[in-house]
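Notes to accompany the following structure.
Residue numbers (our numbering): 802 to 1326.
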């Protein structure tokens, strides 16, 4: 069986997050799965109106039951350990990187090595896993064909990035084997608190200085002072950021951490610090795919123990189509009174908040949700969207077009008769605040109102004769609930595989929005 027949089901290595105290380290190493096996049982209202318990068995159990993955523990032993037979590990395996064993008093010295040491150990683990998997004739995998996924929570994502980005921290052949990195609630741009803006480099308690930006630049292989959320030496589009937006359910330190991180956080990591990006040709920004879910940093209401997290994880790893939504805005008209003031030479200031929620067909859970009340809405000022001199009509800046979502679709969950995959997104542009010569304009203002609200459905059908191999339809929920009807006029993406189409937006009245929703679909895996 050639290795290509196993794609996209590659081995998965889980990398856990930060343990601050010796007690937390000992608790961590006492768990074979270092916490990734912990699920949650919580109440949820179902379609009948009844409140019932919802069981999330943990991401590991779900991968085993849904996708036939195996762990590497047999008869109380780790098959990856030295001295075990070389032909025991299945290709579709789950591995826990037990990097805290060395810091345990039971298994190590009781002293915590630096994060660079953990990154080097990850490289050695990948090569040992490769050798053992390739030695199993049932896997029929040559070393050159071996690939692995990394899935990490919190600081574990920084361990992975240090290994992938810094050439000094591991072998190039180990880095080349990594296909994708999925991060839950990772402080990619460090940790900020109310009292101390960034965790200081001198804070040695539990190696918390790992989240100081100067320290991060060192182990990530970036020049001092660089933006530490930049991904280098690895494709930024193959790093997924799952961002938590619920600080209130993070109970660590009796709620002190949640208070210190602030509302726009998961209780530890601020939303603005939880994403990565790269630099493209000409210095353009290449954003990593990301999703926002109303979950806290950890715990029973935590981001790892969430159905939303699991759905994003499996579609990112195993899906076949990536779809991005971008809102290109040509104009936002002003209320009549504000327009009158503008024409009279007054300086107008306005800010806009965009709410979006994206869902895939057949799943009860939203893949991503950004809302004002959860402090995660997309924010743009009028000057962001339309740069230029005050008191003049301005041209739109496409680089500031709000990126609404990245959704990964899995044909394995498609409609059997047509093979189609489908998703929907609910988009709102809220009523903005206006200023005329510095005075707040509140006439005809209703808090919570919006100047645009559309629920749009998109369905993609495999079609070898269509551009990019997909025929696409779209429509509005209000026109035909559940069934898109308009055939999209698609175009091939410039310089890359995939296609795009635009959905025109022309809101009548004042204020109103004119522009287009740009949908880009790319083959994935």
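Glycine included, each C-beta is placed from N, C-alpha and C at the ideal position. Quantities reported herein were computed from a predicted structural model and do not represent experimental measurements.
{"query": "If you count every other CB in all the chains shown that lies within 10 Å of the CB of residue 957, and 16 or more means buried, which is it?", "result": "buried"}
{"query": "In this structure, how does DSSP classify residue 1324 when only helix, strand and coil are distinguished?", "result": "strand"}
{"query": "If I follow the unbroken beta strand (DSSP E) through residue 1128, where does it start and stop?", "result": "1122-1133"}
{"query": "Based on the DSSP output, what are the partners of residue 1305 in its beta bridges?", "result": "1317"}
{"query": "Using a Cβ distance threshold of 8 Å, determine whether the segment 1164-1171 contacts the segment 1236-1245, with at least three qualifying pairs required.", "result": "no"}
{"query": "Below 8 Å on the Cβ atoms is my guess for residue 898 versus residue 992; work out the distance and round it to an integer in Å.", "result": "Residue 898 to residue 992, Cβ: 22 Å. No contact."}
{"query": "Within 10 angstroms of the Cβ of residue 1225, are there 16 or more other Cβ atoms? Answer buried if so, exposed if not.", "result": "buried"}
{"query": "So is residue 1253 buried or exposed if we call it buried at 16+ other beta carbons inside 10 Å?", "result": "buried"}
{"query": "Once DSSP output is grouped into helix, strand and coil, what is the label at residue 1041?", "result": "strand"}
{"query": "Measure the alpha-carbon distance for residue 849 versus residue 1172 and round it to whole angstroms.", "result": "26 Å"}
{"query": "With a 10 Å radius around its C-beta and 16 neighbouring C-beta atoms as the bar for buried, classify residue 802 as buried or exposed.", "result": "Bear in mind that a pLDDT of 38 at residue 802, under 50, signals an unreliable position, so the number given afterwards is only what the model happens to contain. Exposed is the call here."}
{"query": "Run through DSSP, which three-state label would residue 966 get?", "result": "helix"}
{"query": "Run through DSSP, which three-state label would residue 1312 get?", "result": "coil"}
{"query": "Considering only residues of the same chain and omitting the five flanking positions on each side of residue 864, which have a CB-CB separation below 6 Å?", "result": "870"}
{"query": "Specify the secondary structure class of residue 803 as computed by DSSP and reduced to three states.", "result": "Caution is warranted here: a pLDDT of 42 is assigned to residue 803, below 50, making its placement in the model unreliable, and no coordinate value can be reported."}
{"query": "Residue 970 to residue 892, Cα distance in whole Å?", "result": "26 Å"}
{"query": "Can you find at least 3 beta carbon pairs, one from the segment 1128-1137 and one from the segment 1196-1214, that sit closer than 8 Å?", "result": "yes"}
{"query": "Go through its chain and collect everything with a Cβ distance to residue 902's Cβ below 8 Å, but skip five positions before and after it.", "result": "830, 908, 909"}
{"query": "Can you give me the start and stop residues for the alpha helix (DSSP H) that residue 880 sits inside?", "result": "Where residue 880 is concerned, there is no enclosing alpha helix (DSSP H), given that its DSSP letter is neither H nor E."}
{"query": "How long is the line joining the alpha carbons of residue 1164 and residue 942, rounded to whole angstroms?", "result": "34 Å"}
{"query": "Starting from the C-beta of residue 1317, find all residues in its chain whose C-beta is less than 7 Å away, skip the five residues before and the five after it, and write them out in chain order.", "result": "1129, 1303, 1304, 1305, 1306"}
{"query": "For the candidate residues 937, 835, 1033, 1157, whose alpha-carbon lies nearest to that of residue 961?", "result": "1033"}
{"query": "Are the Cβ atoms of residue 963 and residue 1020 separated by less than 8 Å?", "result": "yes"}
{"query": "Among the residues of its own chain, which have a CB less than 7 Å from the CB of residue 1194, if the five just before and after it don't count?", "result": "none"}
{"query": "Please report the distance separating the alpha-carbon of residue 1310 from that of residue 916.", "result": "56 Å"}
{"query": "On a CA-only basis, which of 1142, 985, 1064, 989 is nearest residue 1236? Give me that one, please.", "result": "1142"}
{"query": "Roughly how many angstroms separate the alpha carbons of residue 1121 and residue 807, rounded to a whole number?", "result": "14 Å"}
{"query": "Please go through the segment 1148-1233 and give each complete alpha helix (DSSP H) segment of 4 or more residues, from N-terminal end onward.", "result": "1183-1186"}
{"query": "If you drop the 5 nearest sequence neighbours on each side, which residues of the same chain put their C-beta closer than 6 Å to that of residue 986?", "result": "955, 1045, 1067, 1070, 1098, 1104"}
{"query": "Could you say which of 1024, 1031, 1072 lies nearest to residue 1179 if we only look at CA atoms?", "result": "1072"}
{"query": "What did DSSP end up calling residue 1265 once you bin it into helix, strand or coil?", "result": "coil"}
{"query": "Let me make sure I understand the geometry here. Which of 923, 1106, 1014 has the alpha-carbon closest to that of residue 841?", "result": "1106"}
{"query": "Leaving out five residues on either side along the sequence, give the residues of the same chain with a beta carbon under 6 Å from the beta carbon of residue 804.", "result": "The predicted position of residue 804 is uncertain, since its pLDDT is 46 and thus under 50; a value taken from the coordinates is nonetheless stated next. So the qualifying residues of the chain are 942, 946."}
{"query": "Rounded to the nearest angstrom, what separates residue 1301 and residue 988 at their Cα positions?", "result": "32 Å"}
{"query": "Taking 8 Å as the threshold (C-beta atoms), are residue 1091 and residue 1209 in contact?", "result": "no"}
{"query": "Taking only three categories from DSSP, how would you classify residue 946?", "result": "helix"}
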